[in-house]
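See structure below.
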Amino acid sequence: MTSPAIIAQNLEKRFGVANVAIIKKISLEIKTGEFVAITGRSGSGKSTLLYLLSGLDDPTSGNVIINGKNLSQLDSQEIHRFRNLEMGFVFQFHYLLPELNSLENVLMPARKLHHELDKREYALELLDRFEVRHCAEKKPSQMSGGEMQRVAIARSMIMQPAFLFADEPTGNLDSVNGETVMSIFEQINREQKTTILMVTHEADYARRASRQIFLTDGKIEHDKSQRHIHRR
Ligand SMILES: Nc1ncnc2c1ncn2[C@@H]1O[C@H](COP(=O)(O)OP(=O)(O)OP(=O)(O)O)[C@@H](O)[C@H]1O
Ligand SMILES: [Mg+2]
Numbered sequence: 219m220t221s222p223a224i225i226a227q228n229l230e231k232r233f234g235v236a237n238v239a240i241i242k243k244i245s246l247e248i249k250t251g252e253f254v255a256i257t258g259r260s261g262s263g264k265s266t267l268l269y270l271l272s273g274l275d276d277p278t279s280g281n282v283i284i285n286g287k288n289l290s291q292l293d294s295q296e297i298h299r300f301r302n303l304e305m306g307f308v309f310q311f312h313y314l315l316p317e318l319n320s321l322e323n324v325l326m327p328a329r330k331l332h333h334e335l336d337k338r339e340y341a342l343e344l345l346d347r348f349e350v351r352h353c354a355e356k357k358p359s360q361m362s363g364g365e366m367q368r369v370a371i372a373r374s375m376i377m378q379p380a381f382l383f384a385d386e387p388t389g390n391l392d393s394v395n396g397e398t399v400m401s402i403f404e405q406i407n408r409e410q411k412t413t414i415l416m417v418t419h420e421a422d423y424a425r426r427a428s429r430q431i432f433l434t435d436g437k438i439e440h441d442k443s444q445r446h447i448h449r450r
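Numbering follows the numbering used here, with no gaps: position 45 of the sequence shown is 263.
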């Protein structure tokens, strides 16, 4: 049996002077290789939960344990290193660096870890696989939104992370480009066994994940695993 990849215990997040609880004592376990969609209405706490589960933000109380490491027990240097090596991130807006071309953007996480040279071939392979090889020398301002998002996904995968966290990765794309991004996620999950946590408010996309967690007002209202129907 594979042990859970991510364990959240009694996670709570409060914000502001009013100290309002936005995430209310959530406990859950995510297994290696799962493709989890986090859904729910605007303001239900989806992004906040994703940030807590990925260590981008700290809980007010409770624990997040990833691959046996309790994030609250790592110092900031350890957490940075762990994140750079094991986690990829994709957001609604791509956050590519405007002064760098696609290839340089994809290599950025590798550069931070001094692996830029040995990752060059893989970066080109990823650009190829996501059909943006022709954009290798282009800067973000010279590309379409769909192309930028595919480059951002290539960047998130350059270190072959065990986890991919995505916050509304299709939110800023039309349906054709949204579909392409979803197929890429399905491919990454199937072929690299990457554990994926994706926030989306689009029911059709959420249904394609292997598990759907539906949040209402900072709590899990439904959590259902579904048999994964692979579309090719
Ligand atoms: N840094 C913060 N300070 C104060 N309140 C916050 C902060 N971040 C989020 N909130 C509040 O927490 C609630 C949940 O926010 P969150 O961004 O997690 O929602 P969401 O489900 O991702 O919504 P959306 O679908 O609109 O992106 C909201 O009411 C928001 O205003
Ligand atoms: Mg959000």
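Note that the Cβ used here is the ideal one computed from N, Cα and C, for glycine as well.
### Query
Which word fits Lys-264, buried or exposed, when buried means at least 16 other C-beta atoms lie within 10 angstroms of its C-beta?
Here the question's residue 264 lines up with position 46 in the sequence shown. By the neighbour-count rule (16 or more Cβ atoms within 10 Å), Lys-264 is buried.
### Query
What residue range is occupied by the uninterrupted beta strand (DSSP E) comprising Ala-384?
The residue labelled residue 384 in the question sits at position 166 within the sequence shown. In this chain, the beta strand (DSSP E) harbouring Ala-384 covers 381-385.
### Query
Mapping DSSP to helix, strand and coil, what is Asn-395?
Your numbering for residue 395 matches position 177 in the sequence shown. Helix, per DSSP.
#### Entry: Which listed residue (Leu-331, Pro-277 and Ala-370) has its alpha carbon closest to that of Leu-315
Taking the first residue of the sequence shown as position 1, residue 315 is located at position 97. The option with the nearest alpha carbon to Leu-315 is Ala-370.
### Query
Is the beta carbon of Gln-310 less than 8 Å from the beta carbon of Pro-379?
The sequence position of residue 310 within the sequence shown is 92, counting from 1. The sequence position of residue 379 within the sequence shown is 161, counting from 1. Contact flag unset, no.
### Query
For ligand 1, any of its heavy atoms closer than 7 Å to the Cβ of Lys-264?
If you number the sequence shown from 1, residue 264 lands on position 46. Yes, since a heavy atom of ligand 1 falls inside the 7 Å radius drawn around the Cβ of Lys-264.
### Query
What did DSSP end up calling Asn-228 once you bin it into helix, strand or coil?
The count along the sequence shown starts at 1 and reaches residue 228 at position 10. Of the three classes helix, strand and coil, the one that applies to Asn-228 here is strand, per DSSP.
### Query
Quick one: does the C-beta of Gly-261 sit closer than 7 Å to a heavy atom of ligand 1?
By one-based count along the sequence shown, residue 261 stands at place 43. Yes; taking the cut-off as 7 Å, the Cβ of Gly-261 has a heavy atom of ligand 1 nearer than that.
### Message
Taking the straight line between their C-alpha atoms, what separation do you get for Ile-297 and Ile-244?
### Response
In the sequence shown, residue 297 corresponds to position 79, counting from 1. In the sequence shown, residue 244 corresponds to position 26, counting from 1. Answer to the nearest angstrom: the Cα atoms are 22 Å apart.
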